[in-house]
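Q: The numbering used here applies: residue 3 is where the sequence shown begins, and numbers increase by one.
Backbone N, C-alpha and C fix where the C-beta goes; we use that ideal spot for every residue, glycine too.
Every value quoted in this text rests on a predicted model; they were computed, and no experiment measured them.
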Amino acid sequence: MLKSKARGRVAGRAAAAGVVSAGLLLGLGALGAHADTKTVTYSCSPSAGGAAVTHDFTVTLSAATSAVSGTQYTATLSIQPISTSAFPAPVQIASGATIELQPTVSASALPAGMTAGVSTPSPTGTPLTAAVTAQGTMPPLPTATLTVTPSAGATSVVLTAKDFKISMIAPAGTGTTTTTPTALYNCLIATTGANTAPAVATIAVASPSASPSASASPSASPSASASPSPRGTRTVFETVFASPTPVKTKTKTAQVENTPGGGAATGGGGEAGPDARLFVLTGTALMLAAGAGGLVLRARRRPARQ
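1. In chain order, what residues of the same chain lie with their CB nearer than 6 Å to the CB of Ile168, ignoring the 5 residues before and after it?
2. Between the Cα of Pro131 and the Cα atoms of Gln137, Ala99, Gly138, which residue gives the shortest distance?
3. Distance check for Gly119 and Ala88, CA to CA, integer angstroms please.
4. Considering only C-alpha positions, which residue in the set Thr151, Gly285, Gly51 is nearest to Ala109?
5. Using CA coordinates, which residue listed in Pro113, Met116, Leu143 is at the minimum distance from Pro129?
6. Contact defined as beta carbons within less than 8 Å: I believe Pro123 pairs with Leu148. What is the distance between those atoms, to the nearest angstrom?
7. Thinking C-alpha only, which one of Thr204, Asn197, Ala201, Leu297 is nearest Ser45?
8. Going by alpha carbons, who is nearest to Thr194 out of Thr286, Ile84, Ala156, His57?
9. Can you grab the Cα-Cα spacing for the pair Ala294 / Ala278, in whole Å?
10. Am I right that Ala310 and Ser64 are in contact with their C-beta atoms under 8 Å? What's the rounded C-beta distance?
11. Restricting to Cα atoms, I'd like to know which of Ser97, Ser71, Pro105, Ser121 is closest to Ala208.
12. Quick one: Cα of Ala192 to Cα of Lys164, how far?
13. How is the beta strand (DSSP E) around Leu186 delimited, first residue to last?
14. Sort Val55, Thr286, Thr73, Ala96 by Cα distance to Ala172 and report the nearest one.
15. Tell me which same chain residues have a C-beta within less than 6 Å of the C-beta of Ala201, skipping the five on either side of it?
16. If we call anything under 7 Å between Cβ atoms a contact, is Ala50 one with Val93?
17. Going by beta-carbon coordinates alone, are Ile84 and Phe166 separated by less than 7 Å?
18. Let me know if Phe59 comes out buried or exposed under the rule of 16 or more other beta-carbons within 10 Å of its beta-carbon.
19. Kindly provide the ranges of any beta strand (DSSP E) runs that are 3 or more residues long and lie completely inside the stretch 79–155, ordered along the chain.
Next up, the structure:
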């Protein structure tokens, strides 16, 4: 029993965590959406006098997916009455007249201190092909187009669709001036009820590209070309001696610089020719050979004894 209860608690906590995570993801997605469509309740007061009319409208606010600071971008706003209940015309609208929508859209930029300028659109629809009687159903409202310009340094802009006004421009030939619109309704967001949250659209803003830095790069090239690029150097090492190395020379030393004519008396016989001992040895050898030859010849001549 204890294990089953513990498993049930774990499963319940996991389910709750999943629900919270899904809610956060959906909330973040809606917060960062560049388009928003909501049903909003407005309290519209007729300009001609009378009781205010509370009516639901489908409000669609769309902005560009991205923008650049300091550059205009376009946003559109569509406000259409829900067809489940008639939205009455406060006065008669003649055929050929045009309906004009004058919305109020606020813009707040991030981070704090940044601004975003919003134009005041006054779009006019196409001329009506049929007249609308007083308290008849109001014709469709035209779509408003506005421009937004974020200031430099802004990272995002949040657009909020708030109150709006409806006017009419009478056709020519009816005796009513066609340059000044005739106010029909002044509609404010209701303070009570379920549909009191306005439509909101968020757009990311990027910084402009650094094009001046690219153009400044050529100016830096002359400075680089003025300095010559280093080249490889060749170093030659030469050894220098303090005193020249003495050259060994083979000298021939003579006992006597001037040899006199009597070479034997001066000991210069060694330089005069062969050594005298050679002659002595040669003469001794000849004498021995002669003696041996004489003995041989004498032995041959001696007669044999009987």
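A: Here's the rundown:
1. Leu186, Tyr187
2. With the sequence shown as reference, residue 131 is identified as Thr, and Pro is not the correct amino acid for it. Comparing Cα positions, the closest option is Ala99.
3. 36 Å
4. Thr151
5. Leu143
6. 4 Å
7. Asn197
8. His57
9. 25 Å
10. Any answer about residue 310 is impossible in this case: the structure gives the chain only from 3 up to 308.
11. Ser71
12. 11 Å
13. 184–191
14. Ala96
15. Asp38, Lys40, Val61, Leu63, Ala163
16. yes
17. no
18. buried
19. 100–112, 118–120, 146–152
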